[in-house]
Amino acid sequence: MISNTLPLGLVDNPRLDQWIAFDAPGRVGIKTGKVELGQGILTALVQIAADELDLAPERIALVSGQTNAGPREGFTAGSLSVEHSGGSIRLVAAEVRAMLIAAAAARLGCSVAELTIDDGAIIRHGLPTGLDYWQLAPGLDLQRKASGMVAVKPAHLRRVIGRNLPRIDLPGKIFGGAGAFIHDLRPEGLLHARVIRQPWPGAQLDDNSVADVADAQIIRRHNFLAAVASVEQMAVAAAEKIAAHSKWSGGTPLTDASTEPRWIVEQPSIDSSNSRGVRPEVSDPARRVKRSYAKPFIAHASIGPSCALACFDAAKLSVWTHSQGVFPLRDQLARALHIEVDAITVHHVQGAGCYGHNGADDAACDAAVIALSLPGKPIRVLWSREDELASAPFGTSMVVALEATLSPGGYPLDWTTEIWGGPHAQRPGAAGGVNLLAADALPNPPARPVPIEIPEAAGGSGARNAPLLYDVAHQTIINHIATDLLPRTSSMRGLGAFANVFAIESFVDELAAMAGVDPVRYRLAMTIDPRARAVMEQAVAMTPWDAAKAAGTGRGFACSRYKNRAGYLAVFVDVQVDEEVRLQRVWCAVDAGLVINPDGVRNQVEGGIIQAASWTLKEQVRFAEGRVATRTWDNYPILRFSEVPAIEIVLMDRPRDAPLGVGEVAQGPTAAAIANAVADALGLRIRDLPLTRDRIIAAVATEAS
Amino acid sequence: MPEQIELVVNGQARTTASAPGTPLLDVVRGEWRLMASRFGCGSESCGACMVLADGKPIYACTTPIDALAGKAITTLEGLGDEAHPHPVQQAFIELQAGQCGYCLSGIMISAKALLDVTPKPTRAEIAAALDGHLCRCGAHARILRAVARAGELMAERGVDV
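Chains G and A supply the protein sequences, listed in that same order. Reminder that position 606 of the first sequence reads as 606 in the working numbering, one-by-one numbering, no gaps. Reminder that position 148 of the second sequence reads as 1148 in the working numbering, one-by-one numbering, no gaps.
This is the structure:
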């Protein structure tokens, strides 16, 4: 398979030596701009490289996310790492393998066809030649551009791709080796720092309210305030004392009303709309159905608080971060702190699970600001649990109103999706904005990114997955992106796809019920996409059917193709509902195209289902007294072990297709399948997330009256 | 000179001069450089810091060091290593039970405490034992399977674990 367009990584980083090196005997260095977030990407990239190079996976030494070594690959986001970085590494490895075998043939005076490779050793007619990669590599010109024209291995010759290679990063985490996480770094002379955050955007610190602390040094730059000490507990205690005494005024306190499901609809917005297809002539207005669905602001809520280290020494700034984008972070640190880009090195070190634009970049800027005030000292910033839940960007609240004009048989002929939400794509550097909290606290803060919509051709953002999976004659998508929105929102797993798929797949279920058609059959009647049909049929085949339905139980179905261009997923969910929703079983079929690591895909999909279930049933950021009110696990609960259902997953076998991203494929369909199951159990529909006990009691009471 | 507090940590006698009131987690990570136990919340809400004190799970993030004088503390490092894994560690590797892995250390500690008293737990018993632990990546389903598998491995290995 030769792709006629190069993967994005290779377009941006065309030289072979940006991706591969033969520095150490017996090892091949592979460099990637993508980083491990707990999703297993490094293991998948090792598999891709090992297969194309005919090497044992242990020989691949991966370098990931270093601005001073390796390709510049933007952010690790959008379920694109296997496609962009994996696709690049695959082509580079195939090309370098071809160069090595050609060099061997020249050295041996034979034809390339006589040679094979076994774990880096050159074999001729089944016998060792004494030559290997590491003898031949110094003679190669790896500074030239990759052609991307060397064929990669066909499916039947792959040995490592498609196998369950164990994750390369898990042993360090299971056996407790030091250095598994950024939190473990303790360089000599380290100082611990805690930041006292502005309580709301633009808040001004009262000069007389900064408490004296005995055991820590206070770093203050305008409205940026931190406590620094050599003993961690002293920094924590000092920061707590300073926070308790500090007084803030001015700025823009958050509005309590932003907790309300439809507050977002009233906010000023940038509006756009587009239509596709041909509008059919329909005269009967009785055949028009309109419903509105909502989801609240939600938090990344990582288990490990954001952490960063920085050291400013001899006019050079070094930063260690769990950011998803070391190069964009470096650029924005340079802008925010007025330092030359070339004077900054950013190193990725793993953090706790990351599901989008969380506090990692902000923490890196915190550490950098403090390091600039204390030259020569390594500074370690760790966020508190409260800041992790309240100060990182949120996934925006959204409202999705859907309207369908139906055929006499009850199928949509004309469909309108109207979306309201805050911006999603607001990472540091997006749309020319900096977006780092510490920079916002300095004098003359740089502009925040302006709200933008990612183009549909790149998957969209607020309108991600708004285009229907189904064949409807005419569709209109109206998109309202709130401007100047407070609270701060940015990318979270799936972006707008979570709310849009939740809404669309709920609405389709409502339409199917109105038409008196089985929900899966209704969907199958609306699509000829063979891969969509195949995952739906697989989900049906794997789900046991029992005609007798116990009281208070319900079953729900949903299907989607992530971004209308990545992986497909169809899912059934069984629930039991009394006053609370309890998930019982989940059956899920996934088409990820070529699967590099089947267990890795299962792990991602299982995790996506559980996380989306947590968002759907429990999660909502609340605001009170101008601040974020949900600051602890007690008032921002997430799904617990006792609430997790048994999950069965089937991966479709598609070894000859291109790999399709799956990191975010489960989010939307899971929400819709749960909502559909709850509607099935209750006989009434709740259209606002989360589906909490209070919402269920209120809905049942309203229905009864 | 502050008074030295003596404990047994992963089978070895240790002392600390940390001030009374210092959380055990700060001593474990900051002083002894045992980095497997993790800070998550500081308020006994997530379980990332869980260690054993005389075989019982405790929250290291809130337990003051002076309350533990003379106790035997077990952290994840004390369970086993790659060459000699504890059955819980072996099962977590076998089932690839984890995503980011930040929550795993505390969870494996609680799993060991459970299996020491309940060698063949049901799924519900495992879930109940782990309910004080939060995992954000959604690795729960395979973690539940891994703990059950660890029970099987302990039975296969017999008493010498």
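Glycine included, each C-beta is placed from N, C-alpha and C at the ideal position.
Item                                                                                                                                                                   : Value
Apart from the five residues on each side of it in sequence, which residues of its chain come closer than 6 Å, Cβ to Cβ, to G/A515?                                    : G410
So which residues on chain A does G/H183 lean against when the C-beta distance must stay under 9 Å?                                                                    : R1029, M1035, R1038, F1039, Y1102
Measuring alpha carbon to alpha carbon, tell me which of G/V28, G/E505, G/E188 ends up nearest G/Q135.                                                                 : G/V28
Can you check whether the CB of G/C354 is closer than 9 Å to the CB of G/H300?                                                                                         : yes
Using a Cβ-Cβ cut-off of 9 Å, state whether A/P1020 counts as contacting chain G.                                                                                      : no
Should G/Y568 and G/A534 be called a contact, given that it needs their Cβ atoms to be closer than 9 Å?                                                                : yes
Do A/I1058 and A/L1007 have their C-beta atoms closer together than 9 Å?                                                                                               : no
Can you pull out the residues from the region 1137-1149 of chain A whose beta carbon lies closer than 9 Å to at least one beta carbon of chain G?                      : C1137, G1138, A1139, H1140, A1141, R1142, I1143, L1144
Since G/H480 is in the beta strand (DSSP E), which residue starts that stretch and which ends it?                                                                      : 474-482
Cα-Cα, which of G/G162, G/T483, G/P446, G/R90 is closest to G/E453?                                                                                                    : G/T483
Within 9 Å (strictly less), CB to CB, does A/E1077 reach chain B?                                                                                                      : Absence of chain B from the displayed structure is noted, the protein chains being G and A.
Just to make sure I have the definition right: I need the residues of chain G whose C-beta is within less than 9 Å of the C-beta of A/H1084. Which are they?           : What A/H1084 touches in chain G: nothing, since even the nearest Cβ is about 10 Å away.
Compute the Euclidean distance between the alpha carbons of G/T345 and G/H480, then round it to the nearest angstrom.                                                  : 38 Å
Note down, in chain order, all residues in the region 263-274 of chain G with a beta-carbon under 7 Å from any beta-carbon belonging to chain A.                       : none
Is the region 171-181 of chain G touching the region 600-617 of chain G in the sense that three or more CB pairs, one from each, lie closer than 8 Å?                  : no
Using the beta-carbon count (16 or more within 10 Å), is G/I144 buried or exposed?                                                                                     : In the sequence as displayed, the identity of residue 144 of chain G is Arg instead of Ile. It counts as exposed.
Taking a contact to mean a Cβ-Cβ separation below 9 Å, would you say G/S306 touches G/N223 in this structure?                                                          : no
For G/P451, does the count of other Cβ atoms within 10 angstroms reach 16, so buried, or fall short, so exposed?                                                       : buried
Quick one: which unbroken beta strand (DSSP E) runs of 3-plus residues sit fully inside the region 52-100 of chain G? Chain order, please.                             : 60-64
Quick check on the DSSP output: the beta strand (DSSP E) that includes G/P128 runs from which residue to which?                                                        : 127-132
Quick one: what's got a C-beta closer than 6 Å to G/A671's C-beta in the same chain, skipping five residues either side?                                               : F502, A612, T616
Shorter than 9 Å from the beta carbon of A/A1124 to some beta carbon of chain G?                                                                                       : yes
Kindly indicate which three-state DSSP category A/T1122 falls into: helix, strand or coil?                                                                             : coil
Give the straight-line distance between the Cα atoms of G/I123 and A/A1129, rounded to the nearest whole angstrom.                                                     : 55 Å
Is DSSP giving G/K173 helix, strand or coil here?                                                                                                                      : helix
By DSSP, does G/M1 sit in helix, in strand, or in coil?                                                                                                                : Note that G/M1 scores 39 on pLDDT, short of 50, meaning its location in the model is unreliable; the coordinates nonetheless yield the value given after this. G/M1: coil per DSSP, three-state reduction.
Return the chain-ordered list of same chain residues with a C-beta closer than 8 Å to the C-beta of A/E1082, the five sequence neighbours on each side being excluded. : none
Inspect the beta-carbon positions of G/Q475 and G/W545 and report whether they are closer than 9 Å.                                                                    : no
Closer than 9 Å between beta carbons: that is the criterion. Which residues of the region 612-635 of chain G meet it against chain A?                                  : A612, A613, S614, T632, W633, D634
Using a Cβ-Cβ distance under 9 Å, would A/D1131 count as near chain G?                                                                                                 : yes
Which value, in whole angstroms, describes the spacing of the CA atoms of G/V381 and G/S323?                                                                           : 14 Å
Please confirm if A/A1072 has its CB atom under 9 Å from at least one CB of chain G.                                                                                   : no
Is the separation between the beta-carbon of G/H192 and that of G/G351 shorter than 9 Å?                                                                               : no
Just the Cα atoms here: how many angstroms apart are G/N676 and G/S249?                                                                                                : 46 Å
Using C-beta distances below 6 Å, list every residue in its chain close to A/K1120, excluding the 5 sequence neighbours before and after it, in chain order.           : G1151
What's the C-alpha gap between G/P412 and G/K295?                                                                                                                      : 24 Å
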